[in-house]
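S.K.:
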Amino acid sequence: MDFSKVYYKSEGFVEKAIGSEKVLVPLSDNVADMNHVLTLNEVGTFLYDGIDGEKSLDEIFSLLLEEYDVTAEVAKRDIEQFIDETVNKGIIIEKH
Numbered sequence: 001m002d003f004s005k006v007y008y009k010s011e012g013f014v015e016k017a018i019g020s021e022k023v024l025v026p027l028s029d030n031v032a033d034m035n036h037v038l039t040l041n042e043v044g045t046f047l048y049d050g051i052d053g054e055k056s057l058d059e060i061f062s063l064l065l066e067e068y069d070v071t072a073e074v075a076k077r078d079i080e081q082f083i084d085e086t087v088n089k090g091i092i093i094e095k096h
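Counting in full-length UniProt numbering, the sequence shown runs from 1 upward without gaps.
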């Protein structure tokens, strides 16, 4: 995965924080689709919040290492899995 890439959040989701987690609800014609709700755990929430259309994955990777007691290998794997899943679901989009 190219960690120099930058991503931004799709406008097709509403987010709601619940403690250290976040719930993402897809919108269809401006109506919440409660059948496809996605819950992010604490690390997923941290990564999602870091996606801002400005920071590269490399910058988010560095922030993740500062925030959590994980190895670089685990952090990279978490980011790769998060990006793959959220891009495939249309939650985040690669900035060109």
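For every residue, glycine included, the Cβ atom is placed at its ideal position computed from N, Cα and C.
1) Can you tell me whether DSSP reads T71 as helix, strand or coil?
2) Nearest-angstrom Cα distance between D29 and G19?
3) Mind checking who S56 pairs with in its DSSP beta bridge?
4) Okay, do the region 79–91 and the region 4–19 touch, 3+ Cβ pairs below 8 angstroms being the bar?
5) Output the boundary residues of the alpha helix (DSSP H) element that contains E42.
6) What does the Cβ neighbour count give for L47, buried or exposed, with the cut at 16 atoms within 10 Å?
7) In the DSSP assignment, find the beta strand (DSSP E) that holds S28 and state where it starts and stops.
8) Which residues share a DSSP beta bridge with I91?
M.R.: According to the structure data:
1) coil
2) 28 angstroms
3) V6
4) yes
5) E42 to G50
6) buried
7) E21 to S28
8) In DSSP, I91 forms no bridge with anything.
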